[in-house]
Amino acid sequence: MDMTHYMELLADNQPWNLILFMAIPVILAETIAISELAILYTRKYSGGLWKLNKVCSILAGLYFTGVFSYLFVNVVIPLTSGGQWRGAIDVIAVGFYLLGVVPLLGMALLDMNLIWKNKSIEQKLKIHAFFVGFFLVVAHVAMIFGMLDPRLGSGTEGHSHMDM
Numbered sequence: 022m023d024m025t026h027y028m029e030l031l032a033d034n035q036p037w038n039l040i041l042f043m044a045i046p047v048i049l050a051e052t053i054a055i056s057e058l059a060i061l062y063t064r065k066y067s068g069g070l071w072k073l074n075k076v077c078s079i080l081a082g083l084y085f086t087g088v089f090s091y092l093f094v095n096v097v098i099p100l101t102s103g104g105q106w107r108g109a110i111d112v113i114a115v116g117f118y119l120l121g122v123v124p125l126l127g128m129a130l131l132d133m134n135l136i137w138k139n140k141s142i143e144q145k146l147k148i149h150a151f152f153v154g155f156f157l158v159v160a161h162v163a164m165i166f167g168m169l170d171p172r173l174g175s176g177t178e179g180h181s182h183m184d185m
């Protein structure tokens, strides 16, 4: 089975690529999501959980902006200019992975008080929760498409369902 560039990136240079491109962003995002649920439930806008949520949001946003920049310059531009994409599934997997920069950077900017400065805490919490959900959706779409054989749907499958 052929791999998408997304899966190939994670599989290469083990375990470092997996740690740098998957584990760190996902652990931060899951910490944000879990702490966000507790904050939404308790409405406690101070304390350790609140601080953990803010620190993880800022770290995730800044970290993933670096990941996005690195991959865009070193992967997306060369693949595009060289015509090396492995079909629509490949583009969707990589594209949705990189789209994660929007909600992660949005949370960071919100928590650094660089955007929506005049919103109430409740309004900011709603925006923050939207960004969390947005990230979870794009990350899961990237993972699902990333695990597919990029030849699916391109008419070049050429193997039986028994191939593994």
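For the sequence shown, this note's numbering assigns the number 22 to the initial residue and increments by one for each residue that follows.
Cβ atoms here follow ideal geometry from the backbone N, Cα and C, with glycine treated the same way.
- The C-beta distance from residue 121 to residue 156 rounds to 6 angstroms, short enough to fall under 8 angstroms.
- Below 8 angstroms, enough C-beta pairs join the region 67-81 and the region 44-53 to call them touching: three or more.
- C-alpha of residue 95 to C-alpha of residue 71: approximately 36 angstroms in a straight line.
- In this structure, 149 is the residue among 39, 149, 115, 160 with its C-alpha nearest to the C-alpha of residue 56.
- In chain order, 46, 121, 122, 125, 126 place their CB closer than 8 angstroms to the CB of residue 85, counting only its own chain and leaving out the 5 sequence neighbours on each side.
- Going by beta carbons, residue 145 and residue 131 fall inside the 8 angstroms limit.
- The region 105-183 is shown to contain whole alpha helix (DSSP H) runs of 4 or more residues at 109-120, 122-132, 142-167, in chain order.
- Taken atom to atom, the span from the alpha-carbon of residue 41 to that of residue 22 is near 25 angstroms.
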